[in-house]
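First residue of the sequence shown? That's 39 in the working numbering, and the numbers climb one at a time after it. Think of the CB as a built atom: it goes at the ideal place given N, C-alpha and C, for glycine as much as any other residue. Written out below as structure tokens is the structure these notes cover.
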Amino acid sequence: MNTQSTVQGTTKPVIVTVQQHILSEQRRHSPQATGTFSWLLSGITLATKMTESRVRRAGLLDVIGAAGNVNVQGEAQQKLDVYADDALVHCLGIRDNVAIIASEENEQAIAFDGRSGPGKYVVVFDPLDGSSNIDVNVSVGTIFSVLRMPEDLRESDDPAQAVLQPGVKQLAAGYVVYGSSTIMVYSTGHGVHGFTLDPSIGAYVLSHEDIRMPEQGKYYSSNDAYWDTFPQAYQDYLSYLRRGELGRSYALRYIGSLVADFHRTLLRGGVFLYPPTDANPQGKLRLLYEANPVAFIAQQAGGYATDGHQNILDIVPQDIHQRTPLIVGGKSEMEAFERFMKRDELAGSLAG
Ligand code: AHG
Ligand code: MN
Ligand code: MN
């Protein structure tokens, strides 16, 4: 998007930063807003710029490799996981409108208290998504989700309760892909917009306004190494796509970083699947800080996401780190998937 405007008679491209965009969105859709959300978002963008500067120089700094401990997921924490997490905890911790945060890298939710007035927001995040790709210079990212702090839980001594809200309650969600360029994509429920980090000015600049997911794409994205342990209905669905029976041929693209696989699906259409497997019968991806933000953005862009039985956004979480199967894509691929799931449920009910 290159809006031209006359500045002293010359036409110069006008840049729109993510902060400007958030403020104009708030003025347009919530005139009563006091700018606290844009202040919150600036904490997230600052943390991602701090992380981005490490990702770009990972081989030169002591940020490659394992941090030497295991996180709550039972996974070896990478140094960049820890750095990205620390950056977000720090940048959000100094924004006094944040009441509680929850992170993939911390077992418990963190309540910020003793500051000027009660916080309005809960922020949940995957500070560094795609950790296994860091050391081989493949795109990684950060994923975040913003919820309102429930008034009736202010006095609760268990911050987790405020985090366990269904995805439909999200006020905003977004991600950053540290890829060939660094792109932030976010939605506050009024469309999906993308911003490219311009290193020469250190700002995220509007580059993808009002992103719409294509009704049908040409890629499916799943880790076919687990094919033999996918449920039969998933195998049948993927074979159907592979045979070109949804009206076109499909290619496989799988990067192994959810943010990168989803970003491609958002821009080019198609479908991403992380089905139940023997190793992860509930799915591998985490509901609160991977599936929900992705589902919110997909739905805002004309696609949607399911766990194989219901819309991801309707799932009521029981645990901060609970996992879920995730199937997310454009209208055609998702309607076809639902047909396979319904046929499978019908077959199951007939079999008694
Ligand atoms: P994280 O690095 O935050 O743990 O997330 C990794 C996830 C997700 O990014 C990706 O889609 C998935 O793991 C890949 O899993 P497989 O390697 O099992 O395919
Ligand atoms: Mn992740
Ligand atoms: Mn992660």
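Residue interval of the alpha helix (DSSP H) (run including residue i)
{"i": "P331", "result": "N330 to Q338"}
{"i": "D124", "result": "K117 to G131"}
{"i": "I365", "result": "Segment L364 to G367 is the beta strand (DSSP E) holding I365; no alpha helix (DSSP H) there."}
{"i": "L74", "result": "It is worth fixing the name first, because residue 74 is Thr in this sequence and not Leu. T74 to V93 is the span of the alpha helix (DSSP H), which, as asked, contains T74."}
{"i": "H67", "result": "V56 to H67"}
{"i": "T267", "result": "Element bounds for T267: n/a, residue is neither H nor E."}
{"i": "T226", "result": "Per DSSP, T226 belongs to no alpha helix (DSSP H) and is neither H nor E."}
{"i": "H231", "result": "Careful: H231 lies outside any alpha helix (DSSP H), inside the beta strand (DSSP E) at H231 to D236."}
{"i": "R302", "result": "L296 to R306"}
Cut-off 6 Å between Cβ atoms - residues of its own chain near residue i, not counting five sequence neighbours on either side
{"i": "A336", "result": "Y342, A343 and V366"}
{"i": "K207", "result": "L185"}
{"i": "L388", "result": "none"}
{"i": "Q320", "result": "R361"}
{"i": "Y275", "result": "F375 and F378"}
Within 8 Å, strictly: CB atoms of residue i and residue j
{"i": "I358", "j": "G205", "result": "no"}
{"i": "Q111", "j": "S169", "result": "no"}
{"i": "P363", "j": "P313", "result": "yes"}
{"i": "A333", "j": "V230", "result": "no"}
{"i": "T83", "j": "A125", "result": "no"}
{"i": "F233", "j": "I221", "result": "yes"}
{"i": "D36", "j": "L290", "result": "This structure does not reach residue 36, given that the chain is present from 39 up to 390, and the question cannot be answered."}
{"i": "Q64", "j": "S76", "result": "yes"}
{"i": "G179", "j": "A298", "result": "yes"}
Beta-carbon separation (whole angstroms), residue i vs residue j, contact threshold 8 Å
{"i": "A137", "j": "P165", "result": "A137 to P165, Cβ: 19 Å. No contact."}
{"i": "S177", "j": "Y216", "result": "6 Å"}
{"i": "T267", "j": "D316", "result": "4 Å"}
{"i": "S260", "j": "L311", "result": "4 Å"}
{"i": "V56", "j": "Y242", "result": "4 Å"}
Residues of its chain near residue i, where Cβ-Cβ distance is below 7 Å and the 5 sequence neighbours each way are ignored
{"i": "R19", "result": "Because the chain is modelled from 39 through 390, residue 19 falls outside the range shown and cannot be assessed."}
{"i": "R199", "result": "For the sequence presented, residue 199 should be read as Gln rather than Arg. Around Q199: L191."}
Element boundaries [beta strand (DSSP E), containing residue i]
{"i": "A200", "result": "Segment A198 to V201 is the alpha helix (DSSP H) holding A200; no beta strand (DSSP E) there."}
{"i": "A147", "result": "Run containing A147: none; DSSP gives neither H nor E here."}
Segment contact, 8 Å Cβ cut-off, at least three pairs: the stretch 250-264 with the stretch 286-294: yes
Cβ contact check for the stretch 369-389 and the stretch 299-309: 3 or more pairs under 8 Å: yes
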